[in-house]
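Report on the structure given below.
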């Protein structure tokens, strides 16, 4: 009887080389050392049929092949086990430097965020929050604010008109009139809102947002007016800024002022944002004109008031560094989502 | 206005230019730009509309002299007798309320030629183009003292008769700028008996302008009613140096002075023979307002004790005359200060010259009253917070709308759109009645930049015309594409509906339903009206449009929540005993909705059923199968699986025999 033990060994080596998993290894065991059908046990079963010479010749060789195969399988099993453990370790390893997954979080529009910031500052100072219609009777938007028909300031407002006497409010100052007619002084009021001007030039938008603030009390004077606005501007832009009050003109305040802050970008050295002036205009303001108080039946000899207005969009552009007001309303999500 | 330092120096001694600019800004004349040029510095100041008196070098010099406490010098002039008539020319004023004063100076034997260099330079410095000596003199006086005058070629005026009257409809005039203007009627004109010869206070006519052949010139120096000038400018869409000053209010007492300076310059430049008089029509002298100034009130107004003498000096040097009484003074307002009419106007002058920045400042000590926040504002804030917490991004869109945007989309209520009488674009005369078109614009805008994953909301007002106009607050949502926070998931109807349900519940109303309805502008696949508290208050659905992913929108009117959004959720007891959940899969036709299914089950009033919820839905053999999870729980004891199974079996038999349901 001829047995090609070397051939079997060679085949086994080949098979072993292609093993890469426990499953392959199990198949290999089945093929070579399984008690039922394995190749080696099959050969061992044949030994009693061998001649004594063949027994002497093949016996030790078969045994040594058997233990060789068993050892190799066992060795390989150990290797696989070790590899599995290593993989497990690798799998549970946390690379803490990989960025996390974003949690569900929407966001408010930058204009809303700035509006709330301003509201918060004034609420801390005891202000109440008011609102008024956007489609307004011209009496509230102009006449009562000391801008009677044919007043030159009306021309500068680029008003959108609806059926007489209605218009889209050109400023939030209509809230002054409506509030003063329904509440008795003293009060401090803040009124953020949307306003409209018929102006579509590159630096303007036909719709924008303002915050109106006003107070009526006694005693109430110009120093309170200055104190309030300086405090507000430092809270909004930081303690390091310089606040400047300059005389100006609004029909509904007297005296009137523009309130500037030292340029946030160049620190008064002069740059593109402040048009080299070193200052950025933030507020239009003043003491409420006595005629306005008379128009809403408040006695200007008993009460004094101040009022101020500012563009939210502009402040928003300054705080977030947005170069163009139109970007706020074109709603490019690549831009809006930046301000999370 | 543009000023020249050289011309300004003629009237007042000046500090160094940088110091001057900062002083002017502090006075309320903001520096816009400046330029150094050929031994001069020219600069632009922003002059507010209430201060036409500063629209001249002399006017600005007056402010500087008051601030610096130095002398104010005057222009040289030629004094001539004033006469109320002339045998050479005749002036007729139709309505003196529109032209309360008209003065004129006749110059004969004129020699029209180029101006001398100094005059040309002075004019060019402040932005005037030199034309000829006579026109240049008129413009120089404008720059110098701010009063507009106009030279007419008297020989082109019929009968030497000037008439100031209103234009008749369709009358025509070719103005100096070569434009032929047709009037709508009512514009104030300078005319002769035959034809219009100038737009009063705005621009002269071409026919009567100064030519080299001109022999006799009549200089007009008048005062026109500001509102009439502004109205005409608005109608004709025109703005000139003259109209700017007359429109805001020139100085009625300056008409003679302007002509006296002109007379002096005519003689100085030897360009004609000045008649021996100045004509003046001035039937009613303008009154001088008198204001009482109470020093104690002034001190209280600024929280500062002012030096009274200093106050008087400042007012005096600004041209206010002062009359003293014990604790107050009376202030007489000069004719060029039409902005000063009340005591506070005087306060402003005092504050301005003291310097706003030097005035004291402090926070008010305020007695805190009943603070408030109007409901609308609080509601809008809550709505914005909810929707952004649901992962959506807030947008703000324009309120102007096209007619087709309104027609294309059906909403939960028919609103009559408000129409602008002067829209920016003729295509968009309407104000929005819904937020959805704006959201769709934003969506398309982003899609054009290849942004397909959109999850946005807007909370804002919509408008309608009814008993005047009404405003409604709405919340709108648009979602489409991949969900940013859930990998491999795309926005579906149920996501949006879930947001809306949570939104409505969080604003305090639990009585709402989604009623299937095919809405105009929405896809066949499904749209619905949202009924809240028995009122149709919103819509939801897929927009009918070509897009990379389905585009889902929803909108609700949120005014309905004004009375509920502050509701505080109330405690509900919880059971100590375990709950048992079982699933039931029911087959039913398409028309039999999930809501019908729920109603059928709830109709049974099963013992211990605490909730039922939707789990899954699939289609098999043309039938829809819905899996519902039923949850049973008792407050008294632990339920057994057997009793729950029994309940389920009973329910199944009931449904099979009473509804189009199969298992």
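Residue numbers (our numbering), protein chains in the order written: chain A, 1 to 340; chain B, 1 to 663.
Positions of the beta carbon are idealized from the N, C-alpha and C atoms, including for glycine.
This one's a predicted model, so the numbers in the text were calculated from it and none came from an experiment.
By the criterion of Cβ-Cβ separation under 8 Å, what are the contact partners of residue i in chain B?
{"i": "residue 171/A", "result": "Those within 8 Å of residue 171/A in chain B number zero; the least Cβ separation is about 16 Å."}
{"i": "residue 296/A", "result": "Result: empty, since nearest Cβ-Cβ is about 17 Å, beyond 8 Å."}
{"i": "residue 111/A", "result": "396"}
{"i": "residue 107/A", "result": "388, 393, 394"}
{"i": "residue 75/A", "result": "Result: empty, since nearest Cβ-Cβ is about 43 Å, beyond 8 Å."}
{"i": "residue 320/A", "result": "Within chain B, no residue comes near residue 320/A; the closest Cβ sits about 14 Å away, beyond 8 Å."}
Along the chain, where does the beta strand (DSSP E) containing residue i start, and where does it finish?
{"i": "residue 709/B", "result": "Outside the shown range of chain B (1 to 663) lies residue 709/B, about which nothing can therefore be said."}
{"i": "residue 356/B", "result": "It is not in any beta strand (DSSP E) - residue 356/B carries neither H nor E in the DSSP assignment."}
{"i": "residue 342/B", "result": "Unbroken run through residue 342/B: none, as it is neither H nor E."}
{"i": "residue 538/B", "result": "535-543"}
{"i": "residue 332/B", "result": "328-332"}
{"i": "residue 637/B", "result": "No beta strand (DSSP E) contains residue 637/B, which DSSP labels as neither H nor E."}
In whole angstroms, what separates the C-alpha of residue i from that of residue j?
{"i": "residue 336/B", "j": "residue 175/B", "result": "29 Å"}
{"i": "residue 538/B", "j": "residue 559/B", "result": "12 Å"}
{"i": "residue 467/B", "j": "residue 140/B", "result": "57 Å"}
{"i": "residue 566/B", "j": "residue 375/B", "result": "10 Å"}
{"i": "residue 517/B", "j": "residue 233/B", "result": "55 Å"}
{"i": "residue 469/B", "j": "residue 171/A", "result": "18 Å"}
{"i": "residue 413/B", "j": "residue 405/B", "result": "15 Å"}
{"i": "residue 204/A", "j": "residue 135/A", "result": "20 Å"}
{"i": "residue 224/A", "j": "residue 216/A", "result": "11 Å"}
{"i": "residue 221/A", "j": "residue 328/B", "result": "20 Å"}
{"i": "residue 222/B", "j": "residue 94/B", "result": "14 Å"}
{"i": "residue 124/A", "j": "residue 185/A", "result": "19 Å"}
{"i": "residue 184/B", "j": "residue 523/B", "result": "53 Å"}
{"i": "residue 262/B", "j": "residue 97/B", "result": "26 Å"}
{"i": "residue 373/B", "j": "residue 557/B", "result": "21 Å"}
{"i": "residue 57/B", "j": "residue 339/B", "result": "19 Å"}
{"i": "residue 233/A", "j": "residue 70/B", "result": "37 Å"}
{"i": "residue 151/B", "j": "residue 170/B", "result": "26 Å"}
Using the beta-carbon of each residue, which ones in chain A are nearer than 7 Å to residue i?
{"i": "residue 48/B", "result": "248, 249"}
{"i": "residue 422/B", "result": "160, 161, 198"}
{"i": "residue 227/B", "result": "150"}
{"i": "residue 488/B", "result": "Simply none; closest approach about 13 Å."}
{"i": "residue 345/B", "result": "254"}
{"i": "residue 18/B", "result": "The contacting residues do not exist; residue 18/B stays about 12 Å from chain A at best."}
{"i": "residue 376/B", "result": "131"}
{"i": "residue 302/B", "result": "221, 222, 223"}
Per the DSSP calculation, residue i is bridged to which residue(s)?
{"i": "residue 210/A", "result": "193/A, 311/A"}
{"i": "residue 40/B", "result": "37/B"}
{"i": "residue 30/B", "result": "46/B"}
{"i": "residue 475/B", "result": "459/B, 556/B"}
{"i": "residue 593/B", "result": "BP columns for residue 593/B are empty, so no partner."}
{"i": "residue 532/B", "result": "512/B, 535/B"}
{"i": "residue 398/B", "result": "For residue 398/B, which the question treats as bridged, DSSP gives no partner whatsoever."}
{"i": "residue 454/B", "result": "480/B"}
Determine the chain B residues that contact residue i at a beta-carbon separation under 7 Å, and present them in chain order.
{"i": "residue 226/A", "result": "359, 361"}
{"i": "residue 135/A", "result": "418, 463, 469, 471"}
{"i": "residue 207/A", "result": "398, 399"}
{"i": "residue 244/A", "result": "357"}
{"i": "residue 231/A", "result": "363"}
Check the Cβ of residue i against every Cβ in chain A and list those closer than 8 Å, keeping chain order.
{"i": "residue 329/B", "result": "Under the 8 Å cutoff, chain A gives no residues; its nearest Cβ is about 19 Å from residue 329/B."}
Residue i touches chain A at which residues, Cβ-Cβ below 9 Å?
{"i": "residue 485/B", "result": "101, 102, 103, 104, 105"}
{"i": "residue 449/B", "result": "332, 333, 334"}
Starting from residue i, trace the alpha helix (DSSP H) both ways and give me its first and last residue.
{"i": "residue 642/B", "result": "641-658"}
{"i": "residue 7/B", "result": "5-9"}
{"i": "residue 297/B", "result": "295-302"}
Who are the neighbours of residue i on chain B, taking C-beta pairs under 9 Å?
{"i": "residue 40/A", "result": "Neighbours of residue 40/A on chain B: none; closest Cβ ~51 Å, over 9 Å."}
{"i": "residue 290/A", "result": "342, 343, 344"}
Quick one: which chain E residues come within Cβ less than 8 Å of residue i?
{"i": "residue 155/A", "result": "No chain E appears in this structure, whose protein chains are A and B."}
Problem set entry | Entirely enclosed alpha helix (DSSP H) segments - the segment 81-168 of chain B, minimum 4 residues | Entirely contained in the segment 81-168 of chain B, the alpha helix (DSSP H) runs reaching 4 residues are, in chain order, 117-125, 133-145.
Problem set entry | Continuous beta strand (DSSP E) assignments of at least 3 residues falling wholly in the segment 252-329 of chain A | Within the segment 252-329 of chain A, the complete beta strand (DSSP E) segments of 3 residues or longer fall at 253-262, 279-288, 304-311, listed in chain order.
Problem set entry | In chain order, each beta strand (DSSP E) run of at least 3 residues that lies wholly inside the segment 88-166 of chain A | With a minimum length of 3 residues, the continuous beta strand (DSSP E) runs that stay inside the segment 88-166 of chain A are 135-137.
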